[in-house]
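Engineer:
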Amino acid sequence: MDAILAVDPLLEGNLLWTPLLIVLLKVLVVFVVGLVATMLMVWFERKVIAGMQNRVGPNKAGPFGLLQTLADGTKLFLKEDLIPERADRFVFKLAPYLAFVPAFLAFAIIPLGGDYRNGNGGMVELFGHQTRVQLADPPVGVLFALAISAIAVYGIMLAGWASGSKYPLLGSVRASAQMVSYEAALGLSVACVLLVAGTMSTSGIVNLQGSVGNWNVVTTGFVPFFIFVIAATAELNRPPFDLVEAEQELVGGFNTEYASIRFALFYLAEFMNTITMSALIVTLFFGGPQPVSIGGTTLDIPLIPNALEGTVWLLLKVLVFLYIYVWFRATLPRFRYDQLMDLGWKVLIPASLGWFMLLAAQRVGEDAGWDRIVVTLVTALVLIGGYTLLQLAMKVSRDNRDRDGASF
Amino acid sequence: MELFVFVAAALMALVGSVGVVMRNNPVHAAMSLVLTLFGVAVLFVQQGAHFLAAVQIIVYAGAIVVLFLFVIMLLGVDRAENLRIEPLAGQRAVAGAAGAAMVGLLTAAVLTSESAVLEDGKGLSATTLDSPDANIRQLAESIFGDNVFAFEITSVLLLVAVVGTVILARRLPKQPEAAA
């Protein structure tokens, strides 16, 4: 039983009513927080983009237009639900849920807060039981997140195919190619974090990042972080990687034929995924809900009890990345398709693989007591050799294409 | 509870696998395959093999079936097939016989090895159950320690397959016309 509900001290031994109720409460809270956060994220994005483009943005519904998303949602509920004549009816109805459910599932393994002072390690007390502010903490937490992001492609893919029209199909073919390509780079940059942390559980990874110097963004040497952010943006199909729904070429991409509540589900899933990805970045690289601590002094937010402070820190850190994603959208023009594939396969994957090798060599050298400088030099030489070979291979293929008279 | 999870997961796997062979539409068949993979992943989790479950989803459901669907969509072979047509004569009968033989073999294997499998103290050690990461650690030691040669040979095999595919799919450069 506890193998299924993952490792949480709450669930060891016989199941009693209180722990069961706490778990149910957690599920409810995570679900509601997810929905409300998504609603606010839509508002945040529209407002920030409006600010960057010198517009006002939503300002009618509620204070500062906060309830605009709610109004839009209600409108979508009341709209007519259309199913195209040539659609595959079952898959067409199923696809929005395949997009929506993974978006929420991934939120389950993010540590959402906790008490990280006095060696508490993120545990809080709830109704007399020690527990984590996290829905589930499986030993393979990070892999679970990767698995969910791998599953997310089905919703988009099947939506495009089931619509039975050509633009959505093109959008979904692009989506599957793009998401599968960038998953490799995403996985390899996560592997760097796992190598340094030595554990796959998200709570374990957060616990190891007590101070800014121990944040994984520093200990893995910044490169995996940048690769992760770029690959995550591509996984999310957000600008500048939004070829999946490139309006100018594909009408609306995979969701062209969707209307009403089914469209709302796709929209919700997209924003939910953005929030989850930002939270995952913070968890993996920036210490999650741990308070910021530089050189022995830990910053403290006054008036907030320690048990809640973790949540506030997480919120602050996640907001930074949400802002960055909106910023990307407002400033960067969309990639061309061949540029997208070049970036994924010829830059990100070799770079993350090379960096992973560098970190692994350092690790082995440390264990065996080798000279650090020699290890770094040898690895660098091997990497340069690999890079030269890659460049040579690309030159050969470019020459071949030129000879065939290709135009790109 | 354990029985309930097992029955639910086993049903998922069975319904999915029947769907793979019975559905007319290739896309529906591929989705049934995903259902089967999920059912098996749940069974893995139930046995405490979290890592195996995660890898099953990432590799099979997340990459291989996506590739199937990609090819189906790209080539436009997503029209419903007529299942009555037998491309090879006598295919059905042979497949049925092979399936029955497989069931017989598996049953025989389970029956004869029952005593060996259920012995106490075999399988997962106590340390594995105590530390959540030990499962992954044991797997890593087995793959990259004890069986590292077999592992590397397998990866070379995959590399050979990739290179072979590239060579087969490559368009040869146009030969210059022989001088007149």
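Respectively, the protein sequence lines represent chains A and B.
Taken in order, the first sequence gives residues 1350 to 1757; the numbers are from our numbering.
Taken in order, the second sequence gives residues 3 to 182; the numbers are from our numbering.
Glycine included, every Cβ here is placed at the ideal spot set by N, Cα and C.
Quick one: Cα of P89/B to Cα of V68/B, how far?
Structural biologist: One C-alpha to the other measures close to 26 Å.
Engineer: Buried or exposed: W1704/A, going by 16 or more other Cβ atoms within 10 Å of its Cβ?
Structural biologist: Buried is the call here.
Engineer: Counting along the chain, where does the alpha helix (DSSP H) carrying V1529/A start and finish?
Structural biologist: Element bounds for V1529/A: K1515 to A1546.
Engineer: Which whole-angstrom value is the C-beta distance of F1677/A and P1573/A, which I expect to be below 8 Å?
Structural biologist: Incorrect: roughly 19 Å between the Cβ atoms, too far for contact.
Engineer: Establish whether the CB of D1687/A and some CB of chain B are separated by less than 9 Å.
Structural biologist: Taking Cβ atoms only, chain B never reaches closer than 9 Å to D1687/A, which makes this a no.
Engineer: Around the Cβ of V1356/A, are there at least 16 other Cβ atoms within 10 angstroms (buried) or fewer (exposed)?
Structural biologist: Legend: pLDDT at V1356/A = 49, less than 50; position of this residue unreliable, value from coordinates given subsequently. Counting Cβ neighbours within 10 Å, V1356/A comes out buried, since at least 16 surround it.
Engineer: Could you work out which residues of chain B lie near W1510/A, taking near to mean beta carbons separated by less than 8 Å?
Structural biologist: By Cβ distance, chain B contributes V29, L71, M75 and D80.
Engineer: Reducing DSSP to helix, strand and coil, say where S1642/A ends up.
Structural biologist: In the structure shown, S1642/A sits in a strand (DSSP, three-state: E or B).
Engineer: Just tell me which of D1748/A, F1612/A, G1602/A and R1395/A has its CA closest to the CA of Y1672/A.
Structural biologist: Comparing Cα-Cα distances from Y1672/A to each of D1748/A, F1612/A, G1602/A and R1395/A, the minimum goes to R1395/A.
Engineer: Taking just the CA atoms, how far does R1404/A sit from L1354/A?
Structural biologist: Because the pLDDT at L1354/A is just 45, under 50, the model does not fix this residue reliably, and the value given afterwards should be weighed accordingly. Answer to the nearest angstrom: the Cα atoms are 48 Å apart.
Engineer: CA-CA distance, G1734/A and V165/B?
Structural biologist: Their backbone Cα atoms lie some 20 Å apart in a straight line.
Engineer: Taking 9 Å as the CB-CB cut-off, is E1429/A touching chain B?
Structural biologist: Taking Cβ atoms only, chain B never reaches closer than 9 Å to E1429/A, which makes this a no.
Engineer: Say whether the region 1720–1735 of chain A touches the region 1562–1581 of chain A, bearing in mind that this needs 3 or more beta-carbon pairs closer than 8 Å, one atom from each stretch.
Structural biologist: Result no; under three Cβ-Cβ pairs closer than 8 Å.
Engineer: Might you give, ordered along the chain, the residues of its own chain that have their beta carbon closer than 8 Å to the beta carbon of L45/B, omitting 5 neighbours on each side?
Structural biologist: Counting only Cβ-Cβ distances below 8 Å, and skipping sequence neighbours, we find F8, A11, A12 and A15.
Engineer: How about I59/B: is its C-beta nearer than 9 Å to some C-beta of chain A?
Structural biologist: Interface residue, yes.
Engineer: Measure the Cβ-Cβ separation of G1509/A and V1529/A and say whether it is below 9 Å.
Structural biologist: No; because the gap between Cβ atoms is not below 9 Å, this pair is not in contact.
Engineer: Do the region 1615–1623 of chain A and the region 1530–1538 of chain A make contact, defined as three or more Cβ pairs closer than 8 Å?
Structural biologist: Touching, no.
Engineer: Quick check on this structure: which residue in F1634/A, K1442/A and A1420/A has the alpha carbon closest to the alpha carbon of F1670/A?
Structural biologist: Of F1634/A, K1442/A and A1420/A, the residue nearest in Cα terms is F1634/A.
Engineer: Would you list the one or two residues that DSSP bridges to M1472/A?
Structural biologist: M1472/A is bridged to R1481/A.
Engineer: Going by DSSP in three states, M14/B sits in which element: helix, strand or coil?
Structural biologist: If DSSP states are grouped into helix, strand and coil, M14/B belongs with the helices.
Engineer: What did DSSP end up calling A1352/A once you bin it into helix, strand or coil?
Structural biologist: Here A1352/A scores only 44 on pLDDT, less than 50, and its place in the model should not be relied on; the value that follows carries that caveat. Residue state, collapsed to three classes: coil.
Engineer: Does DSSP put T1605/A in a helix, in a strand, or in coil?
Structural biologist: Three-state DSSP puts T1605/A in coil, outside helix and strand.
Engineer: State buried or exposed for A2/B, treating a residue as buried only when at least 16 other CB atoms are found within 10 Å of its CB.
Structural biologist: Outside the displayed span of chain B (3 to 182) sits residue 2/B, for which this structure offers no information.
Engineer: According to the neighbour-count rule (16 or more other Cβ atoms, all chains shown, within 10 Å of its Cβ), is I1576/A buried or exposed?
Structural biologist: Buried, since its Cβ has 16 or more Cβ neighbours within 10 Å.
Engineer: Write down the C-beta distance between S1642/A and G1559/A rounded to the nearest angstrom, noting that I regard them as a contact closer than 8 Å.
Structural biologist: Indeed they touch by this definition, with Cβ atoms about 6 Å apart.
Engineer: What are the boundary residues of the alpha helix (DSSP H) that includes V1555/A?
Structural biologist: Per DSSP, V1555/A belongs to the alpha helix (DSSP H) from T1551 to N1556.
Engineer: Ignore the nearest five residues each way along the sequence and tell me which others in V1600/A's own chain have a CB closer than 6 Å to its CB.
Structural biologist: So the qualifying residues of the chain are Y1516.
Engineer: Check whether the region 1738–1752 of chain A touches the region 32–48 of chain B, counting contact only when three or more Cβ pairs, one atom from each stretch, lie closer than 8 Å.
Structural biologist: No: fewer than three Cβ pairs fall under 8 Å.
Engineer: Would F1684/A and P1445/A qualify as a contact pair, given that the criterion is a beta-carbon distance under 9 Å?
Structural biologist: No; because the gap between Cβ atoms is not below 9 Å, this pair is not in contact.
Engineer: Give, in chain order, every unbroken run of the alpha helix (DSSP H) that is at least 4 residues long and sits entirely within the region 1577–1624 of chain A.
Structural biologist: Runs of the alpha helix (DSSP H) inside the region 1577–1624 of chain A: 1596–1599.
Engineer: Residues of chain B with a CB under 8 Å from the CB of V1440/A: which are they?
Structural biologist: Going along chain B in sequence order, the residues near V1440/A (Cβ under 8 Å) are V29, H30 and M33.
Engineer: From V1699/A to V1542/A, what distance separates their C-alpha atoms?
Structural biologist: Contrary to the premise, residue 1699/A reads as Pro rather than Val in this sequence. The straight-line gap from Cα to Cα measures roughly 17 Å.
Engineer: For I138/B, decide whether its Cβ has a neighbour in chain A, counting only Cβ atoms nearer than 9 Å.
Structural biologist: At least one chain A Cβ lies under 9 Å of I138/B.
Engineer: For R139/B, which of S19/B, L159/B, F53/B and Q93/B has the nearest alpha-carbon?
Structural biologist: The option with the nearest alpha carbon to R139/B is F53/B.
Engineer: Just how far apart, CA to CA, sit G1414/A and A1595/A?
Structural biologist: Going by the C-alpha atoms only, they are around 27 Å apart.
Engineer: Alpha carbons only, please: which of S1609/A, L1585/A and I1722/A is nearest the one belonging to A1499/A?
Structural biologist: Comparing Cα positions, the closest option is L1585/A.
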